[in-house]
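Okay, so here's the structure we're looking at.
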Amino acid sequence: MNKDPLPEREVIIKRDLTKGNIIRNIWHLAFPLIIGNVLLGTFEMVDMAFVGRLGPSAVAAVSLSGAITGIIWIVIMGISTGTVAMVARFIGAKEFKKANNVATQSLLISLSGGVITAIAGFLFAQSILKAMGARGEVLDLGISYFRIICFGALAVFPSVTLAFALRGAGDALTPTKVLIFSTGLNIILDPLFIFGIGCFPQMGVAGSAIATVIARSVEMFILLIIFLKGKSHLHIDLKTLKIEPGLIWKIMKIGIFVSITELMWNISSLVLMRIVAFYGTFAIAAYGIGIRLMLAVQMPGFALAQSAATLVGQNLGANKPERAEKSAWLSLGFYEIMMIVLTGIIFLFTPRVVAVFNTNPEVIKIGVSYLKFMAATFVFMALSITLAGAMQGAGDSFSPMVIDGITLFAVRIPLVIILANTLELGIIGIWTGIAISNIIEGLCMSFRFSQGKWKYKIIS
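Taking the working numbering, I'd label the letters of the sequence shown as residues 139 to 598.
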C-alpha cells in the first residue's frame with residue numbers, strides 16, 4: 139500500500155497557466171509580485187530616509203556596504219533561477235513529485251550558501267570595505283552594518299529560494315503575503331533600532347541591519363512552515379528528505395550562468411562605486427540614493443520578468459512554445475508602458491524625491507543628474523530585464539550572461555573611464571557611459587530572444 143502523502147498534496151494547482159487567457163495568467167502571477175516588489179522598493183527608500191537622518195557618512199557606509207552585499211545575490215539568484223526553470227517545467231508537464239524534489243534540493247543548497255556567506259562576511263568585512271575606499275567614520279559604520287547583513291544570509295538564502303520555488307509552480311500570492319508581512323515588520327523595527335525608541339537600544343546604522351535580519355528570519359520560518367505542512371503548490375517531506383546529487387547538479391547547471399551574471403553585475407557595480415568615490419562623500423551618497431531609487435523603478439519589471447519566466451517554463455513543459463513566446467512579449471509590453479510613465483515622473487519630480495533622503499544641496503544636484511540620465515534609458519532597461527527573465531525561465535541562462543558580460547566590461551566600464559577621465563567630463567561622463575551601455579544591452583537582449591533558440595532548451 140502506498141503511504142506516500144505526496145499525491146494528495148500535489149494537486150493543489152488552482153490555475154493551469156498553460157491554458158486560458160495569457161494576459162490574465164500574466165497578471166495572476168505579476169500582480170502579487172508587483173505589490174511585493176514595490177513594497178520592497180518602498181522599504182529601501184524608507185530605510186535610506188531613516189539612515190539619511192544620521193548624516194552623509196551613514197548614507198555612504200550603507201551605500202558602500204549595499205554594493206558589496208549585493209554579492210550575496212550571486213548564489214541566491216543562481217539557485218532561485220535554476221529552481222524556477224525546473225519547477226515550472228515539471229509543473230507544466232504535470233510531474234508534481236519531481237517539482238517537489240526540486241524545491242527540496244534547492245533548500246539544501248541555499249542553506250549551505252547562507253552559512254558560507256555569513257562566515258565570509260564576518261571575517262573579511264574590514265578588508266573589503268577598505269578596498270572599496272571606505273575610511274574613518276564611513277569604515278567604522280560600514281563594518282558593523284556589513285557583518286550583520288551577511289549574518290542575515292542564513293535567513294535570506296532559504297526564504298528567497300522557497301519563494302521562487304512557489305512562483306515557479308504558479309503560486310505568486312503565498313510568498314507575496316509573507317513578504318508583505320515581513321517587510322511591514324522591517325519598516326516598524328527600523329526606526330526603533332536606529333534611533334532607540336522606547337525600550338530599544340539606539341544602534342544607528344547597525345540598527346537598520348538588525349531590523350532587516352529579524353524580519354527576514356521571520357519570513358524564512360513562515361515559508362518553511364508552509365512547505366512542511368503542504369498548504370501550497372509544493373511540499374517538503376522531512377521523512378523522505380535526502381540529498382540527490384543529480385538533481386542538485388541540474389539546478390546548479392542552470393543557475394551557474396545566472397550566478398556568473400550576478401557576479402559580473404556586482405563587480406561592475408563595485409568598480410563604478412570605486413570610480414564615483416574619487417568624487418567624494420557627497421557623490422557616494424548621491425549615487426547610493428540613486429541606486430535605491432533605480433531599484434524601486436525596476437521592481438515592477440522584476441515582477442513581470444518572474445511572471446514571464448514561470449509562463450515560459452510551464453508552457454514549454456506542456457509543449458506549447460508559441461504560447462510561451464507570446465507570454466514573454468506581452469509581459470514586456472506591460473512593463474514598457476510602466477517605464478514610459480516612470481520616465482515622465484522622474485524628469486518632473488526628481489529633486490523633491492532625492493531631498494527626501496538627504497537635504498544637502500550637493501547630494502541633491504548629483505543625484506538628480508544621475509537619475510535623469512538613467513530615466514532616458516528606461517525603455518531599453520525594460521527589454522533587458524523582461525526578456526532575460528523569459529530566457530532564464532526556459533533554462534537558457536547562458537545567453538543573458540554573454541550579453542551582460544559584453545555590455546558591462548566591453549562597453550560600460552571602458553566608456554565610463556574614457557568619458558570621465560580621458561575626455562574630462564567628470565561625473566557626467568560616468569552617467570553617460572552607464573546610459574549608453576543600457577541601450578546596447580536592451581537591443582542585444584531583444585535580438586537574441588527573437589532568434590528563438592531558447593524554445594529548444596532541454597533541462598531535464
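Glycine residues also receive a C-beta, built at the ideal position from the N, C-alpha and C atoms.
Everything numeric in this text was worked out from a predicted model, so none of it was measured.
For residue j and residue i, the rounded distance between their alpha carbons
i: valine 343; j: glycine 482; result: 33 Å
i: proline 329; j: lysine 380; result: 42 Å
i: valine 225; j: phenylalanine 395; result: 18 Å
i: aspartate 375; j: isoleucine 398; result: 32 Å
i: glycine 393; j: leucine 167; result: 22 Å
i: alanine 307; j: arginine 285; result: 34 Å
i: phenylalanine 587; j: leucine 557; result: 31 Å
i: glycine 505; j: isoleucine 427; result: 7 Å
i: arginine 305; j: serine 244; result: 14 Å
i: proline 221; j: alanine 303; result: The sequence given here has threonine at residue 221, not proline. Their Cα atoms are separated by approximately 6 Å.
i: asparagine 239; j: tyrosine 417; result: 51 Å
i: alanine 423; j: valine 197; result: 6 Å
i: serine 320; j: isoleucine 257; result: 24 Å
i: threonine 560; j: serine 195; result: 30 Å
i: isoleucine 164; j: aspartate 542; result: 26 Å
i: valine 149; j: lysine 377; result: Only weak support is given to the placement of valine 149: the predicted model assigns it a pLDDT of 45, under 50, and the question is left unresolved by the model.
i: cysteine 337; j: phenylalanine 331; result: 10 Å
i: alanine 223; j: glutamate 382; result: 18 Å
i: threonine 548; j: leucine 401; result: Threonine is not the amino acid found at residue 548; the sequence shown has alanine there. If I take the Cα positions, the gap works out to 16 Å.
i: valine 409; j: leucine 480; result: 28 Å
i: leucine 292; j: glycine 179; result: 22 Å
i: methionine 183; j: isoleucine 318; result: 16 Å
i: threonine 669; j: phenylalanine 262; result: Not covered by the structure: residue 669. The range shown for the chain is 139 to 598.
Assigned secondary structure, residue i (DSSP; H/G/I helix, E/B strand, else coil)
i: isoleucine 596; result: coil
i: phenylalanine 338; result: coil
i: tyrosine 283; result: helix
i: tyrosine 425; result: helix
i: isoleucine 209; result: coil
i: threonine 314; result: helix
i: aspartate 154; result: coil
i: histidine 371; result: coil
i: glutamate 562; result: coil
i: aspartate 534; result: coil
i: leucine 261; result: helix
i: methionine 512; result: helix
i: lysine 464; result: helix
i: phenylalanine 188; result: helix
i: glycine 179; result: helix
i: alanine 344; result: helix
i: lysine 236; result: helix
i: isoleucine 381; result: coil
i: arginine 273; result: coil
i: lysine 458; result: coil
i: tyrosine 417; result: coil
i: alanine 307; result: coil
i: alanine 231; result: coil
i: threonine 497; result: coil
i: asparagine 159; result: coil
i: glycine 505; result: helix
i: glycine 590; result: coil
Residue i beta carbon near the ligand SAM (any heavy atom closer than 7 Å)
i: lysine 377; result: In the structure shown, the ligand SAM is absent, as is every other ligand, since no ligand is present at all.
Status (buried if at least 16 other CB within 10 Å, exposed otherwise) for residue i
i: tryptophan 387; result: exposed
i: lysine 141; result: Reliability fails at lysine 141, whose pLDDT of 42 lies under 50, so the model's placement of it is uncertain and the value that follows must be treated cautiously. With fewer than 16 other Cβ atoms within 10 Å, it is exposed.
i: arginine 430; result: buried
i: tyrosine 103; result: The structure shown does not extend to residue 103, since the chain spans only 139 to 598, so no value can be given for it.
i: glutamine 436; result: buried
i: phenylalanine 420; result: buried
i: lysine 595; result: buried
i: proline 438; result: buried
i: glycine 174; result: buried
i: arginine 550; result: buried
i: threonine 524; result: buried
i: glycine 345; result: buried
i: glutamate 357; result: buried
i: glutamate 579; result: buried
Expected contact under 8 Å - CB spacing of residue i and residue j to nearest Å
i: threonine 219; j: serine 535; result: 6 Å
i: leucine 521; j: serine 584; result: 5 Å
i: isoleucine 217; j: glycine 251; result: 7 Å
i: isoleucine 484; j: alanine 513; result: 4 Å
i: tryptophan 569; j: phenylalanine 511; result: 4 Å
i: phenylalanine 260; j: phenylalanine 295; result: About 16 Å; that fails the 8 Å criterion.
i: leucine 171; j: serine 445; result: 6 Å
i: leucine 202; j: valine 276; result: 7 Å
query = Is the segment 320 to 334 in contact with the segment 349 to 361, if contact means three or more CB pairs nearer than 8 Å?
reply = Yes, since at least three Cβ pairs between the segment 320 to 334 and the segment 349 to 361 fall closer than 8 Å, the two stretches touch.
Q.
Quick test of the definition: if touching needs 3 or more C-beta pairs under 8 Å, does the segment 267 to 284 touch the segment 222 to 236?
A. The segment 267 to 284 makes no contact with the segment 222 to 236: fewer than 3 CB pairs, one atom from each, lie closer than 8 Å.
Count the CB pairs spanning the segment 486 to 506 and the segment 465 to 477 that are closer than 8 Å, and state whether there are at least three.
Three or more Cβ pairs closer than 8 Å define a contact, and the segment 486 to 506 falls short of that threshold against the segment 465 to 477.
Review point. Using 8 Å as the threshold, is the segment 547 to 561 in touch with the segment 406 to 413, meaning 3 or more CB pairs across them?
Key: The answer is yes - the segment 406 to 413 touches the segment 547 to 561, with three or more Cβ pairs under 8 Å.
Are there three or more Cβ pairs, one per stretch, closer than 8 Å when the segment 312 to 321 is compared with the segment 352 to 371?
The segment 312 to 321 vs the segment 352 to 371: in contact.
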